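See structure below.
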Amino acid sequence: MSLPPGFLDELRTRTSLSQVVGRKVIWDTRKSNQAKGDMWAPCPFHQEKTASFHVDDRKGFYYCFGCHAKGDAIGFVRETENVGFMEAVEILAREAGMPMPERDPRAQEKADHRTELAQVTEAALGWFRLQLKTAAGGDARDYLARRGLDEAALDQFEIGYAPGAQNAAFQAMTDKGIGAEKVVAADIARQPDDGRAPYDAFRDRIIFPIRDARGRCIGFGGRAMAADAQAKYLNSRETDLFDKGRALYNHGPAREAAGKGQPLIVAEGYMDVIALVRAGFEATVAPLGTAITEDQLRLLWRMADEPVIALDGDTAGLRAAMRLIDLAMPMLEAGKSLRFALMPEGQDPDDLLRAKGPQAMRDLIEGAQPMVQLLWRRETDGKSFDSPERRAALDKTLRQAISKIQDPSLKRHYGEAINDLRWQLFKGNRKPANRGGFKPKAEAAPAASTRASALAAGSLSDADLRAALILATLCQYPSLIDQFEPDLDRLAPSHPDQARLAAHLLHSTARDAVVLLAELDDANLRQTLENLRALGHVRIAPFLRADGDPDKAALCLAEEFAKLAARRGIAYELSEALEDLETTEEDTHLSWRLNHAVQTRHRADHPTPPETADQGEDRAALSAHLRSLIDGRAWEKKKG
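Counting from 1, position 278 in the sequence shown corresponds to residue 285 in my numbering; the numbering is continuous, with no gaps.
Next comes the structure, spelled out in C-alpha cells:
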C-alpha cells in the first residue's frame, strides 16, 4: 500500500519521538535536556548501563553510540514491536489520531509523479541561477547588491532570475527534453485556456527557491523588478508537489539551527529571512506570502516551543499578529506558545539590521512580548473604558478570547495575567472602595439574592482586619514592600484611611522604618497607622514588637495575602454561578459550584484546624440556602 502525499510528513510532525521511545526506556535525567528535546537513555537494543542512546526530538531521529542503531519513530516501532513498515505507520497514526488513508492503487504513480515534478523544479532552478549571471540579469544583480547580498549570499540562498521574455523558461526546459505537460504541472509555465502556447509563470522577477524539510525544491517565490508589476511578490501556484500552507521558507536550515539552541524567528518575507540569517539568526523562517496556517504553526512548534514572530512595525504587521493570536489560541499547550517582536514603526528586520546592526535585533528578540500582552493590546489600545458598560464589554471580550484555550491550567494562568493587566490599567481611575479586577473582588457589594448568605455576611470586616495587619506589618518592615508589591496593589481596602495608607506605601521609596514614619507624619497618615496598631489582633502579633522577627513577618504577609487571593477567586466563582442562574435551565452543576465555593471559603479562612460539628452544620445550612435560591430561580423561570 502506498500512502498519499504528505501523510508521512504530517505523521512525523504529530509524533513525539521522545514519547514513543519513552515507553521502552528510562531517561537519564542528569544527561537529558527535555526543554531542547535532547534525551539520553540506556539503549533498548543492547545491554548497557550507561546512557549512550540519544534521541533528538526536534529532528525526529535516534542514534545509539554503542550499537549504532539509528532511525525515526517508524523505525523504532518496527524494531521494538517486530512489525512491518505499514503496521508501524498504522500504530503511530492511531496514537496520533490520524485515520489511515484508503488503499489507493494509484498512490505509487502519484509518488512517482511528484518525484518527476521535483526534477523539473530543480532543472528550472539551475536555469534561473544561470540567468542571474547574464546581461539580462544585470538590474536584478544591482538590486540585490543594494540590498547587501554578495556572491556568497546569492549562492547560499540559490537566488536566480527569470527573464522578462514570454516563454524563455518553458523553452529552456523543453529544450532539455522535459515534456511540456510536466513543465506546466510544475508551474514553471502556465497553459492559457484558449489553447495558445504556454507562457512562463515568472517573468522579470528575482527567483527564490522554496525547499521542503527533505530539501527538495518544491516551488518558487518571485520578486518583481518592474515598479508597476501587478504583484510585487508572486509564489508558485499549488501543485501536486507544492502546498504553500504546509511549507516554510528556509525550513531545513532553520530546523537544524533551532536544534542547536538558536531562537526560532518567523519573519514576513524572503529578504527578511536572508538578512536575519546573514546577521547570525540562522533559525529564521517565513510563511509563503499568506497568513500563517495551522499546519505551519505545528511545523514551528515542532522546531521550538516558543517561536518569536518578528513582524513589521506597521498597521499591517499588527493586524497579522492579531490574526495569528486567534489562530493559535485553541492550539496552545503548556510550554507551547508564541512571542512577538514588533519592529519599530515603518521598519522591517532588514531595515533594522541596516540601521542599528545585529545587537538591536538581538535586544528586540530577547524582549519579545508573550501572547497575552498582544491580546491585551488588541482589546485596549486606543480605547476608552470610562464607564461600567465599556469595562464590562472588555471583560466579556477577554473571557471569550481566553475560553478558546483548551488546557484548563493554561486558561487559568491567562485569566490571572489578564487580571494583573486590568489592575494596572484601572488602578489610577478608581476610588479606593471600588477597586476591581478581571475577577470581581470579595469586597464588592453582594447581589440582593445572596445578601442573606453566610458567605457574604462579615466578609467586609474580615477583609479590613486582614488589611490592617498587612499594612501595620509593612509599615514596620518597609523592606518587604518590594517583595509584596503586586499583592499590595490588589489589596484595595474598603476603609478610606486604610486605602490612603496602602496607596502611600505603593508610591513611597522609603525602605527604612524611621524614614517611612517621617513620611507618614508629613502625609497626615501617622494616626491611621497608630489606629491600626491599636487593634487587638495587630497589637498581639509577636513580630510587630520592637524585637520582632522580619522572617516571621514575611511569612505572615504571604499567608494573609494568600487568604485574600483565595477569597477573590471564590467571589468570582460565586458571581459567575449566580449570573448563570439567570440564563440556564440546568442547575446541577451550578449547585455544585456554589457549594464548592462555600467549602473553599472555609478552607481559606481556616487552613489547618479540623472542622467542628458546628462548622459542618453551618455549611450544611448555607448549602440548603443556596439550594433554595436555585430552586426559586428555576420556579420563577417556569412561571415566566
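Glycine is no exception: its CB is placed at the ideal position from the N, C-alpha and C atoms.
Please read all numbers here as calculations on a predicted model, not as lab measurements.
Legend entry - Contact belief for A509 with P485 at Cβ below 8 angstroms, rounded distance in angstroms: Not quite, the Cβ-Cβ distance comes to about 13 angstroms (not below 8 angstroms), so this is no contact.
Legend entry - Pairwise C-alpha distance: L156 and A328: 29 angstroms
Legend entry - Reference I166, options D119, G226, N174, A118, closest by Cα: Cα-wise, what sits closest to I166 is G226.
Legend entry - Neighbour-count burial assignment, R397, 16 or more Cβ in a 10 Å radius: Exposed.
Inset, instruction - Find the nearest neighbour of F433 within the set P395, R218, Q407, judged by alpha-carbon distance. - result: Selected option, being the one with the closest Cα: P395.
Legend entry - Nearest candidate by alpha-carbon position, reference D402, set E116, R507, E423: The option with the nearest alpha carbon to D402 is E423.
Inset, instruction - Just confirm the distance between the C-beta atoms of A348 and L371, as a whole number of angstroms; I'd bet it's less than 8 angstroms. - result: 5 angstroms
Inset, instruction - Count the CB pairs spanning the segment 130-138 and the segment 256-274 that are closer than 8 angstroms, and state whether there are at least three. - result: no
Inset, instruction - Please classify T181: does DSSP put it in a helix, a strand, or coil? - result: helix
Inset, instruction - Taking F52 as the reference, give the member of Q413, A58, T87, L24 with the closest Cα. - result: When each option's Cα is compared against that of F52, the closest is T87.
Legend entry - Cutoff 8 angstroms; reference Q354; Cβ partners in own chain excluding five residues on either side: D319, G320, A362
Inset, instruction - With W34 as the anchor, note down where its beta strand (DSSP E) starts and where it stops. - result: No beta strand (DSSP E) contains W34, which DSSP labels as neither H nor E.
Inset, instruction - Count the other C-beta atoms from every protein chain shown that fall within 10 angstroms of the C-beta of K448, then say buried if there are 16 or more, exposed otherwise. - result: Note that K448 scores 38 on pLDDT, short of 50, meaning its location in the model is unreliable; the coordinates nonetheless yield the value given after this. Buried, by the Cβ-count rule.
Inset, instruction - Count the other CB atoms, across all protein chains shown, that sit within 10 Å of the CB of E567; report buried if there are 16 or more and exposed otherwise. - result: buried
Legend entry - I332, enclosing alpha helix (DSSP H) - first and last residue: 322-335
Inset, instruction - State the Cα-Cα distance for the pair P49 and A265, rounded to the nearest angstrom. - result: 26 angstroms
Inset, instruction - Tell me N40's beta-bridge partners as DSSP assigns them. - result: D45
Legend entry - Buried versus exposed, by CB contacts within 10 Å (16 or more), L24: Around the C-beta of L24, 16 or more other C-beta atoms lie within 10 Å, and the residue is accordingly described as buried.
Legend entry - Other residues of its chain near L564: CB distance less than 7 angstroms, five sequence neighbours each side excluded: Result list for L564: I477, T480, L487, F491, in chain order.
Legend entry - Span of the alpha helix (DSSP H) around D162: Where D162 is concerned, the enclosing alpha helix (DSSP H) starts and stops at 158-163.
Inset, instruction - May I have the straight-line CA-CA distance separating Q269 from R309, to the nearest angstrom? - result: 14 angstroms
Legend entry - Segment limits, beta strand (DSSP E) that includes D63: 60-63
Legend entry - A100: CB within 8 angstroms of a non-hydrogen atom of the ligand SAM: This structure lacks the ligand SAM; in fact it carries no ligand of any kind.
Inset, instruction - Note down, in chain order, each residue of its chain lying with its Cβ closer than 6 angstroms to the Cβ of F445, except the 5 sequence neighbours on either side. - result: The predicted model places F445 with a pLDDT of 44, which falls under 50 and marks its position as unreliable; any figure quoted below should be read in that light. Here the set comprises I425, N426, R429.
Inset, instruction - Within its chain, find whatever has a CB closer than 8 angstroms to the CB of I412; leave out the 5 residues flanking it on each side and keep chain order. - result: Once the five neighbours on either side are set aside, the close Cβ partners of I412 are M336, P337, L339, K418, Y421.
Inset, instruction - Would you mind stating whether P356 and A254 have Cβ atoms separated by less than 9 angstroms? - result: It is not a contact, given that the beta carbons lie outside the stated cut-off.
Inset, instruction - Please determine if the segment 301-317 and the segment 163-182 are in contact, where contact requires at least 3 C-beta pairs separated by less than 8 angstroms. - result: no
Legend entry - Residues near P351 in its chain [Cβ-Cβ closer than 7 angstroms; skip 5 each side]: So the qualifying residues of the chain are G320, L359.
Inset, instruction - Measure the CB-CB distance between A499 and H511 and report whether it falls below 9 angstroms. - result: no
Inset, instruction - With distances taken Cα to Cα, identify the nearest neighbour of A236 among R221, D211, S243, E386. - result: Checking every option, the nearest Cα to that of A236 belongs to D211.
Inset, instruction - Check whether the Cβ atoms of C224 and I217 lie closer than 9 angstroms to each other. - result: yes
Inset, instruction - Look up L24 in the DSSP assignment and say whether it is helix, strand or coil. - result: Three-state result, L24: helix.
Legend entry - H502 vs D469 beta-carbon contact at 9 angstroms: no
Legend entry - Cut-off 6 angstroms between Cβ atoms - residues of its own chain near R330, not counting five sequence neighbours on either side: Around R330: A298.
Legend entry - Within 9 angstroms, strictly: CB atoms of A375 and V284: No; because the gap between Cβ atoms is not below 9 angstroms, this pair is not in contact.
Inset, instruction - Compute the distance between the beta-carbons of G222 and N242, then report whether it is under 9 angstroms. - result: no
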